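A quick write-up on the structure given underneath.
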Amino acid sequence: MDAAPNVILVLVDDQGFGQLPVYSEAYPDEMLFLTKNTERYRCDEQKAKAAARACMPNLNKLAQNGVTFMNAHVTSPVCGPSRAALMTGRYQQRFGVYDNCDLAKAGVPLSETMLPELFQKAGYRTAMIGKWHLGKTTKTPLPVQTHDYHKNAIAGCIPEHNPINRGFDHYFGFNSSGTTYYDSPSLFRGLENVTAQGYSTEEFTDDAVRFIEDSGEDPFFIFLAYNAPHIPLEDPAPQKYQRFDTGNPEVDNYYATLAAVDDGLGKIFQTLEKRGELDNTLIFYLSDNGAVIDSPQPMNGPFRGNKGNFHHGGMHVPMIAHWPARLKPSKHEARVASIDVMPTALAAAGIELPDNLDGVPMFGTTEDSHEAIFWAGPEIMHWSEDNKTFWRDYWEYVTERTDDAPSSPLKAGDASWAVQKGPWLLRCNEVTGKTELFDTSVDPGERSDVVAQHPETAAALRDEYKAWAANLGKPLVWSEEQYNRLVQ
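No gaps in the numbering here: position 439 of the sequence shown is 439 in the UniProt record's numbering, and each next residue is one more.
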């Protein structure tokens with residue numbers, strides 16, 4: 001009988017589709033730079049593209065030797081709901097999660113079975129390292145307050161939502177939407193708040209390496225969730241990662257932040273290889289959503305939109321799987337979703353799948369995992385082109401060049417939904433009534449709305465969405481009035 005595979009799920013925070021060369025090189029330059037980022041991250045586009053190509057050599061090698069999913073989507077363009085779906089294999093709206101506020105103020109319901117619980121029951125050692133963001137948040141203000149709210153409180157979560165009580169044997173990380181890269185006040189080891197010892201990316205990598213080395217003969221599952229390259233990046237990455245010269249030090253530092261992740265992945269690969277376990281370790285790599293507008297090119301590549309938007313720029317993400325013992329190098333063109341990661345990992349480990357999953361195993365087929373993929377919740381423009389002025393002012397504030405705290409006019413979002421089926425993407429804002437239809441097979445950048453030319457297609461997709469939405473749960477916290485617009 002074959003040995004059970006180890007499984008490592010690596011999740012990064014806000015990395016854009018275009019910021020990995022395996023994706024950006026699939027498109028001509030004239031498609032990559034259609035969305036213009038903030039002034040702070042502007043530089044020669046070819047130099048930015050070269051930095052993106054050079055910053056993650058270990059991940060590039062992983063892609064070359066693994067399966068690169070060219071058409072992978074998360075079920076939310078915002079980090080908390082996206083992670084809730086990833087950890088449950090279910091559309092997060094089924095259990096009332098639509099927005100980050102549902103997690104901060106309520107958390108994933110204890111009635112939901114999470115991926116690590118099933119690995120733990122099957123005899124795996126399980127570890128959560130890095131960003132959790134799935135529990136009801138607690139905050140203890142610190143005596144010294146700064147302009148960066150990440151530094152102003154110990155952000156934890158209620159004990160029953162701590163990873164230790166959701167299927168993980170080991171936990172080292174933080175519980176909220178973000179934290180500082182240095183001297184984080186919000187790191188926890190198990191239930192205990194602990195003192196940060198350095199740069200968070202390195203701390204998370206080192207903890208993962210120790211966990212692997214301490215695993216003995218037991219198979220293990222690691223959820224390694226780096227907070228990189230989540231902004232703000234006012235504290236530069238360590239000098240050893242500052243390898244870039246684009247002409248803009250902010251762009252250089254952004255890619256240095258990703259280089260630190262990549263060096264960490266290299267250490268993990270070396271540890272597995274030394275133990276003779278690399279071939280039988282299934283590694284997933286993906287981003288929780290698209291890049292924000294305040295980040296460098298090639299950002300989200302050919303796609304319109306950013307984090308928070310129901311455009312492909314917010315939902316179409318990098319995803320790679322590497323398992324030398326079973327997977328041959330390939331590019332997987334069929335459409336898959338982040339909810340497929342859980343059943344794929346369980347099937348690989350020979351663990352019985354729960355019967356209530358929305359996701360399906362991805363390996364062994366060239367067909368789309370789903371006939372249609374759905375999105376629903378607030379479409380938030382906070383991280384988009386429409387809010388560039390705020391991000392300029394926020395950077396001035398967080399770096400303490402001004403004491404005038406900016407206020408984002410776009411933090412709340414309208415009740416909106418989208419459905420992708422075949423080449424068609426239908427988007428609808430239920431507050432304004434605006435409906436758009438795009439043929440993404442010829443228009444991946446969503447530049448030409450064809451709803452007027454194809455009313456029958458739009459009507460059919462609307463009917464499919466309504467049938468799906470009939471089974472959604474009421475929001476844990478988010479607006480019930482907005483929810484009613486989505487399901488009416």
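The C-beta atom is built at its ideal place from N, Cα and C for all residues, glycine as well. Just so we're clear, the structure is a prediction, and the values are computed from it rather than from any experiment.
Paired residues, beta bridge with residue i - DSSP
i: N193; result: F188
i: W375; result: A418
i: L286; result: L11, M319
i: K131; result: F174
i: T137; result: C157
i: E436; result: R427
i: V261; result: In DSSP, V261 forms no bridge with anything.
i: A337; result: H73
i: Y254; result: For Y254, which the question treats as bridged, DSSP gives no partner whatsoever.
i: K331; result: T68
i: R125; result: F220
i: N6; result: T281
i: residue 490; result: Lying before the first or after the last residue shown, residue 490 is absent from the chain, which here runs from 1 to 488.
i: Y182; result: Y199
Where residue i falls, given that 16 or more other Cβ within 10 Å makes a residue buried
i: G123; result: exposed
i: P163; result: buried
i: A325; result: exposed
i: V144; result: exposed
i: E217; result: exposed
i: A208; result: buried
i: S39; result: A small correction: the amino acid at residue 39 is Glu; Ser does not occupy that position in the sequence shown. The residue is exposed, with fewer than 16 neighbouring Cβ atoms inside 10 Å.
i: Q482; result: buried
i: E446; result: buried
i: S384; result: buried
i: L142; result: exposed
i: V336; result: buried
i: N227; result: buried
i: A260; result: buried
i: R275; result: exposed
i: R166; result: buried
i: V78; result: buried
i: L59; result: buried
i: S448; result: exposed
i: L9; result: buried
Beta-carbon contacts of residue i that lie in its chain and below 7 Å, excluding the five residues immediately before and after
i: T146; result: N152
i: V194; result: L187, F188
i: T140; result: A153, I154
Whether residue i touches residue j by CB criterion (8 Å)
i: G56; j: L11; result: Reading off the sequence, residue 56 comes out as Met, not Gly. Not in contact: M56 and L11 (Cβ atoms no closer than 8 Å).
i: G308; j: H382; result: yes
i: S177; j: N100; result: yes
i: M70; j: K331; result: yes
i: G89; j: G350; result: no
i: I339; j: Y91; result: yes
i: V292; j: A51; result: no
i: L476; j: A458; result: no
i: H322; j: F303; result: no
i: P318; j: S287; result: yes
i: L472; j: R94; result: yes
i: F390; j: V341; result: no
i: P409; j: W478; result: no
i: A376; j: P361; result: no
i: F220; j: N6; result: yes
i: T126; j: F119; result: yes
i: A225; j: A237; result: no
i: F223; j: P116; result: yes
i: L282; j: A345; result: yes
i: A3; j: N387; result: no
Cβ-based neighbour list, residue i, same chain, cut-off 6 Å, excluding 5 preceding and 5 following
i: G290; result: G16, N300, N306, K307, G313, G314
i: H150; result: G178, T179, T180
i: E400; result: H147
i: H73; result: M315, H316, A337, I373
Same chain, Cβ closer than 8 Å to residue i, neighbours up to 5 away in sequence not counted
i: K136; result: L103, A104, K105, A106, G107, C157, I158, H161
i: F33; result: E45, Q297, P298
i: K474; result: G96, E480, Y483
i: G364; result: none
i: A412; result: P378, I380
i: L278; result: F269, L272, P324
C-beta neighbour in chain C for residue i, strict 8 Å
i: Q93; result: Of the chains in the structure shown, none is chain C; there is only one protein chain.
Meets three-Cβ-pair contact criterion under 8 Å: the segment 180 to 195 and the segment 65 to 83:
no
With a cut-off of 8 Å, do at least 3 Cβ pairs link the segment 249 to 265 to the segment 194 to 207?
Proximity of the segment 249 to 265 to the segment 194 to 207 meets the contact definition, three or more beta-carbon pairs being nearer than 8 Å.
If we count Cβ pairs, one from each stretch, closer than 8 Å, do we get three or more for the segment 365 to 373 versus the segment 420 to 435?
yes
Three or more C-beta pairs under 8 Å: does that hold for the segment 130 to 141 against the segment 385 to 398?
no
Under 8 Å: do the segment 236 to 255 and the segment 32 to 48 share three or more Cβ pairs, one atom per stretch?
yes
Under 8 Å, with one C-beta from each stretch per pair, do the segment 455 to 474 and the segment 423 to 434 reach the 3-pair mark?
yes
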